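Just so you know, we're using numbering that gives the first Met the number 0 here: the sequence shown kicks off at 0 and counts up by one.
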Amino acid sequence: MKIAVRRTGGFAGLTTRWAVDVAQPELRDVWMPLIDSCPWDDVPDDANQPDRYVYSIIAGEHQVTLPERQVTGPWRALVDRTRDAARAGDLGEAGRSGPEPAVDRDDDVLEPERPVTEPSRWATEPGQRLFPAPQDGPGEDGR
């Protein structure tokens with residue numbers, strides 16, 4: 000059985016995916032109790048809030064899309080287990096992990112391309128003016 004979680008949105012609008020293919024022994028013993036504990040038929044019709052994540056969860060025949068604030072209890076356990084198994088890539092008899100997430104960093108924190116302490120380039124060289132020197136006499140507007 001394939002179990003997949005897609006997280007979209009947030010402040011930067013990034014999409015992250017985690018997926019695992021689970022073989023029969025671990026599916027029955029570990030994953031099915033977790034999947035069965037989720038209220039698949041009792042999903043609130045709740046709108047997402049700006050700059051918050053939206054989770055799309057697929058587990059076999061089950062599929063649901065939830066706003067971040069609804070991913071609690073058994074939903075949170077399923078999302079966390081899927082994420083951890085996909086990141087580990089070592090599922091033993093569970094099979095192999097799915098594609099790498101779009102963003103695979105600890106706690107999904109993006110780092111700047113250059114150190115923050117590096118100064119920005121100056122707009123002008125020393126001795127150059129950013130704006131042209133004032134002209135003698137009246138300008139275009141007569142002043």
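Ideal placement from N, C-alpha and C gives every residue a C-beta, glycine not left out.
From a predicted model like this one, the values you see are computed outputs, not experimental measurements.
- For Val-4, the uninterrupted beta strand (DSSP E) segment begins and ends at 1 to 8.
- In summary, Arg-51 is exposed, with fewer than 16 beta-carbon neighbours lying within 10 Å of its beta-carbon over all protein chains present.
- It is roughly 7 Å from the alpha-carbon of Ile-57 to the alpha-carbon of Val-63.
- Annotation for Trp-17: no alpha helix (DSSP H) segment contains it, though the beta strand (DSSP E) segment containing it runs 15 to 20.
- Leu-13 and Thr-7 have their alpha carbons spaced roughly 6 Å apart.
- Annotation: Val-78 is outside any beta strand (DSSP E); the continuous alpha helix (DSSP H) that includes it extends over 73 to 87.
- DSSP, read as helix, strand or coil, puts Val-63 in strand.
- Annotated as proximal: Pro-66 and Asp-45, with beta-carbon spacing under 7 Å.
- Taking the C-beta atoms as reference points, Thr-71 is found no nearer than 7 Å to Val-19.
- Within the same chain, Cβ atoms closer than 6 Å to the Cβ of Ser-36 are found at Pro-73, the five residues on either side in sequence being excluded.
- The beta carbon of Trp-39 lies closer than 7 Å to those of His-61 and Val-63 in the same chain, with the five residues before and after it left out.
- Between Leu-26 and Met-0, the CB-CB gap stays under 7 Å.
- Taking the C-beta atoms as reference points, Val-53 is found no nearer than 7 Å to Val-4.
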